[in-house]
Amino acid sequence: MNSPTVSAQASSYELVGELKGNTAAASAITFNEDATMIIVGSDDGYVRAYSTHDFQLLQALYDKAWGKVTTLTYMSTLSSTGDKIYFLAIGDIRGSVSIIPKDTAKRWFLQKKLKHHLAFDFNDSVALASYDPLNQRVAFASHGGTVKLFNIDAGGKITERWVLPATPGILPASLAFFGSGNQSLLYLKVETGEM
Numbered sequence: 426m427n428s429p430t431v432s433a434q435a436s437s438y439e440l441v442g443e444l445k446g447n448t449a450a451a452s453a454i455t456f457n458e459d460a461t462m463i464i465v466g467s468d469d470g471y472v473r474a475y476s477t478h479d480f481q482l483l484q485a486l487y488d489k490a491w492g493k494v495t496t497l498t499y500m501s502t503l504s505s506t507g508d509k510i511y512f513l514a515i516g517d518i519r520g521s522v523s524i525i526p527k528d529t530a531k532r533w534f535l536q537k538k539l540k541h542h543l544a545f546d547f548n549d550s551v552a553l554a555s556y557d558p559l560n561q562r563v564a565f566a567s568h569g570g571t572v573k574l575f576n577i578d579a580g581g582k583i584t585e586r587w588v589l590p591a592t593p594g595i596l597p598a599s600l601a602f603f604g605s606g607n608q609s610l611l612y613l614k615v616e617t618g619e620m
């Protein structure tokens, strides 16, 4: 049996909708917990949430402190009553992470409750993010190569747990939790392929 050619594979895809409203290049993308919302960050500092049902714009978020949005991470944690609380973590070009809670009843992000955290030195942009849903923690890597691990609480506060200092001249390529109970963090470096 012959394997399909590239052109045969490409022709099996079709455009099902367009996300309208972006005025700059998209730089980050994620989905919400049930994939009913696609969330897009862009170079103009906006984060836009769209319906995956009809591709309509649901909400636009903006904060002039963000500059360019570099990462988007959708996270959850548990309240004291055991209910899930959802957050959007927005990494930016200036080295900050903003945490915005989601109103689960109305399905909107509550920008008035946004919390800024300077994760890295100013202008050492947030390059990568990985969320660990088993342990309610998140790891961020900066463009300069520093990796930091944070716990997230029910109020959206992130608390730094440890830091892996940067290796000069090495850029981050990938970051992911893995292993039994997500106890390990894979960090892949661009130039060396080192993990």
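With the first letter of the sequence shown counted as 1, position 156 gets the number 581 in our numbering; the numbers rise by one all the way through.
Every residue, glycine too, gets a C-beta built ideally from N, C-alpha and C.
The beta carbon of Ile-454 sits closer than 8 Å to the beta carbons of Ile-463, Ile-464, Val-465, Gly-466 and Leu-497 from its chain, once the five residues preceding and following it are set aside; these are given in chain order. As computed with DSSP, Thr-496 is found in a beta bridge with Gly-516. Taken atom to atom, the span from the alpha-carbon of Asp-459 to that of Met-500 is near 12 Å. Between Leu-611 and Leu-596, the CB-CB gap reaches or exceeds 9 Å.
Following the DSSP letters along the chain, one finds Ala-564 inside the beta strand (DSSP E) bounded by residues 562 to 567. By the criterion of a C-beta distance shorter than 7 Å, Trp-587 is surrounded in its chain by Leu-574, once the five residues flanking it on both sides are discounted.
In the displayed model, Gly-446 falls within coil according to three-state DSSP, outside both helix and strand. For Asn-457, the three-state secondary structure derived from DSSP is coil. The three-state reading of DSSP puts Ser-605 in helix, counting H, G and I together. Only residues of its own chain outside the window of five on either side were considered, and among them Val-465 and Ser-467 have a CB closer than 6 Å to the CB of Ala-451, listed in chain order. With 16 or more other Cβ atoms inside 10 Å of its own Cβ, Gly-570 counts as buried. Per the C-alpha coordinates, the member of Thr-461, Arg-519, Val-563 and Pro-590 positioned closest to Leu-482 is Thr-461.
The C-beta distance from Leu-503 to Ala-579 rounds to 7 Å, short enough to fall under 8 Å. Here the alpha carbons of Tyr-556 and Ser-605 stand approximately 15 Å from one another.
Counting along the chain, no beta strand (DSSP E) covers Leu-559, and no H or E run does either. Ala-544 and Phe-602 have their C-alpha atoms roughly 19 Å apart. In this structure, Phe-480 sits away from Leu-539, with a CB-CB distance that is not shorter than 9 Å.
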